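Below you'll find the structure, written out as structure tokens, and then a few comments.
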Amino acid sequence: MSSPAPKSPEQSDKSRKYDRQIRLWGEHGQALLESSTICLLNATALGCEVLKSLVLPGIGGFTIVDGSIVTEDDLGINFFLDASSVGQSKARACMQLLEELNTDVNGDFVDESVDWVLTNRPAFFDTFDVVIASNLNEKALRGLSERLWEANIPFIYCRSLGFFGSIRLQIKEHCVIESHPDNRQYDLRLEHPFPALQKHLMNTEVTSKVPWLLVLNKFFQIWKEKNNGHVPTNYKQKMQLRELIRAAMTADEENYEEAIKAVNTSLGRGQVPSSIKTIFDDNACTNLNKQSSPFWIITKAMKEFVENDNNGLLPLPGVLPDMTADTEPYIKLQNMYRQQALHDADNVYRKCQKYLKELSLPEDTISEKTVRLFCREASGLAVIRGTKISDENAKSSNIFSFVDDLEIQGTLAEHYVALRAYERFVSECGNVPGECYVENDVKELKTVASKMLSDWGVHATISDDLIHEICRYGGSEIHSISAFIGK
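Start counting the sequence shown at 1; every next residue gets the next number (the UniProt record's numbering).
Structural data, given as structure tokens:
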């Protein structure tokens with residue numbers, strides 16, 4: 001049977017430190033995390049908790065932008081400030097304590113307000129991979145949303161107010177290569193074997209010592225002959241194939257048992273799923289230009305490979321599951337799949353180079369390593385496109401088109417409106433509702449909320465209790481709420 005796996009080489013200090021998360025998103029995911037730079041706007045309790053959750057797993061670096069000074073009130077809600085911080089720059093104080101959480105992460109700070117940076121240094125944000133902001137007024141939020149959308153930088157906006165909180169993700173386009181499915185299915189190409197595999201399957205005797213793939217293929221071919229060349233597609237047909245394998249067993253043969261278990265998951269792979277066809281037909285794939293990202297260039301190259309060179313099949317991933325067998329036949333089979341996967345990826349890479357040349361882009365824009373990863377994960381590619389936060393402020397916004405006018409009160413939509421009204425109040429009035437006079441601000445905040453609903457074409461009102469609750473908080477955060485949202 002298969003020999004035990006060789007002992008893993010000694011882990012580096014970094015691998016040991018991040019072992020649990022590397023098991024979750026892999027070495028490549030960790031490398032991307034470690035190369036990322038994050039910008040936090042406003043060192044609130046919530047902002048610092050979000051940043052803490054990124055510093056601990058090991059981002060590359062972060063910059064905090066906040067022009068305020070630490071007060072005694074801040075000490076009760078922000079765990080990344082202490083008594084010695086009072087009177088100091090809030091951005092600097094929070095940066096220093098967050099840096100202590102992970103020596104691998106570099107911190108920086110800017111002692112300026114968000115409004116000042118947006119007005120005087122709008123290109124400042126272009127160097128970051130993600131921008132996170134908390135508790136902005138509506139004017140700053142709208143300006144930041146427009147700027148980051150234009151630069152195609154993901155933007156996370158979060159709010160914490162008393163017992164209320166929200167998170168909003170703005171992302172123009174996010175292309176996913178490694179989707180990490182819960183149940184990975186292996187593409188073995190038994191229905192469409194590549195030449196080297198076809199030859200191996202025909203010339204290898206099936207015994208109790210060979211990988212179960214050969215056992216499955218033997219009886220798969222027998223089943224096809226009995227069914228006019230058709231392949232088993234439904235449960236009944238696959239049960240027949242299982243019984244065919246089971247009837248041929250003469251002893252407790254593990255590779256036969258594994259072949260029976262693998263019938264459901266080993267057939268029907270390699271075809272282009274509908275989700276990938278949609279990506280192939282996307283305008284960004286069809287019409288490349290100099291601004292096209294490497295994702296779309298590789299996708300178009302892969303589409304050409306699938307349609308013109310590979311009989312409508314995706315590139316072979318080249319990954320085999322574990323199989324009970326003698327070491328030599330398993331390694332031989334494994335190398336065969338790897339070589340074919342490299343061949344497919346090389347074909348796609350050459351097409352990528354052709355497109356780069358046509359677009360007058362540098363040859364090193366796309367590496368062979370990236371193309372191999374792309375081809376290995378081809379069946380799980382995804383493209384996510386979002387909406388712009390600033391569009392929600394427009395009078396023509398249809399964000400409540402799905403809500404009945406009479407059903408606003410008592411719903412999360414009502415809380416959304418109340419929090420948005422809070423931001424507009426701060427922007428228009430220059431102070432936080434409830435900061436000085438709760439009762440006076442209740443009337444003003446209700447007026448602001450009613451005007452917003454009217455602008456959106458929603459004929460409803462916000463409950464007096466919710467408006468009063470928002471004002472009663474006076475802009476205060478509760479650390480436990482912020483910590484929960486920040487996770």
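No residue lacks a Cβ here, since even glycine has one placed at the ideal position from N, Cα and C.
No experiment lies behind these values; they were computed from the predicted model shown.
Counterpart residues of residue i in DSSP-defined beta bridges
{"i": "T63", "result": "C39 and D108"}
{"i": "Y157", "result": "A133 and R168"}
{"i": "G162", "result": "E477"}
{"i": "L313", "result": "Q271"}
{"i": "H174", "result": "I384"}
Among the options, the one whose alpha carbon lies nearest that of residue i
{"i": "T324", "options": "E253, L201 and V231", "result": "E253"}
{"i": "L40", "options": "W223, E112 and T365", "result": "E112"}
{"i": "Q221", "options": "M239, E191 and W212", "result": "E191"}
{"i": "F305", "options": "C375, S360 and T447", "result": "C375"}
{"i": "A223", "options": "W212, L244, T204 and V215", "result": "For clarity, residue 223 is Trp in the given sequence; the question names Ala instead. It is L244 whose Cα lies nearest to the Cα of W223."}
{"i": "G270", "options": "G312, L241, I260 and W296", "result": "G312"}
{"i": "K238", "options": "G229, I260 and E225", "result": "I260"}
{"i": "V319", "options": "L188, P154 and T204", "result": "L188"}
{"i": "S145", "options": "V114, T461 and E444", "result": "V114"}
{"i": "L54", "options": "L33, L333, Q339 and Y473", "result": "L33"}
{"i": "G58", "options": "K199, H343, L98 and E439", "result": "L98"}
{"i": "V130", "options": "L51, S480 and G165", "result": "L51"}
{"i": "G268", "options": "E307, Q198 and P193", "result": "P193"}
{"i": "D326", "options": "L214, G410, W296 and Q340", "result": "L214"}
{"i": "E368", "options": "L359, G107 and A345", "result": "A345"}
{"i": "N264", "options": "T250, R242 and S390", "result": "R242"}
{"i": "residue 540", "options": "F155, R184 and Y186", "result": "Past the edges of the chain, shown from 1 to 487, lies residue 540, and the structure says nothing about it."}
Collapsed DSSP secondary structure at residue i in the structure displayed
{"i": "I297", "result": "helix"}
{"i": "I467", "result": "helix"}
{"i": "S360", "result": "coil"}
{"i": "C436", "result": "coil"}
{"i": "K199", "result": "helix"}
{"i": "S450", "result": "helix"}
{"i": "I389", "result": "helix"}
{"i": "V417", "result": "helix"}
{"i": "V70", "result": "coil"}
{"i": "L406", "result": "Residue confidence is low: L406 scores 48 on pLDDT, short of 50, so the model does not pin down where it sits. Its coordinate-derived value is still stated next. Helix at L406."}
{"i": "S367", "result": "coil"}
{"i": "S85", "result": "helix"}
{"i": "R376", "result": "helix"}
{"i": "E191", "result": "coil"}
{"i": "N283", "result": "helix"}
{"i": "M323", "result": "coil"}
{"i": "P211", "result": "coil"}
{"i": "M1", "result": "Residue placement at M1 is poorly supported in this model, since its pLDDT is 37, which falls under 50; the coordinates are not used for a value here."}
{"i": "E205", "result": "coil"}
{"i": "S291", "result": "Before going further, note that residue 291 is Gln rather than Ser in the sequence given. Three-state DSSP puts Q291 in coil, outside helix and strand."}
{"i": "A251", "result": "coil"}
{"i": "R184", "result": "coil"}
{"i": "F79", "result": "coil"}
{"i": "N431", "result": "coil"}
{"i": "H343", "result": "helix"}
{"i": "A460", "result": "coil"}
Which residue spans inside the stretch 98-152 form an unbroken beta strand (DSSP E) run of at least 3? 106-110 and 130-134
Do the stretch 66-74 and the stretch 88-103 make contact, defined as three or more Cβ pairs closer than 8 Å? yes
Do the stretch 177-184 and the stretch 220-233 touch if we need at least three Cβ pairs shorter than 8 Å? no
If you pair each beta-carbon of the stretch 340-355 with each one of the stretch 294-303, do three or more pairs fall below 8 Å? yes
Tell me, please, whether the stretch 352-370 touches the stretch 380-389 by the rule of three or more beta-carbon pairs shorter than 8 Å. no
Mind the definition here: the stretch 245-259 touches the stretch 203-215 only if three or more C-beta pairs lie below 8 Å; say whether that holds. yes
Check whether the stretch 116-124 touches the stretch 19-33, taking contact to mean three or more Cβ pairs, one atom from each stretch, closer than 8 Å. no
Touch test, the stretch 362-381 against the stretch 131-143, Cβ-Cβ under 8 Å, three pairs minimum: no
Whether or not the stretch 425-440 and the stretch 466-481 are in contact is what I'm after, with contact meaning three or more pairs of Cβ atoms, one per stretch, closer than 8 Å; do they touch? yes
Between the stretch 281-296 and the stretch 327-342, do at least 3 Cβ pairs fall closer than 8 Å? no
Pair every Cβ in the stretch 146-162 with every Cβ in the stretch 433-442, then say whether three or more of these pairs are closer than 8 Å. no
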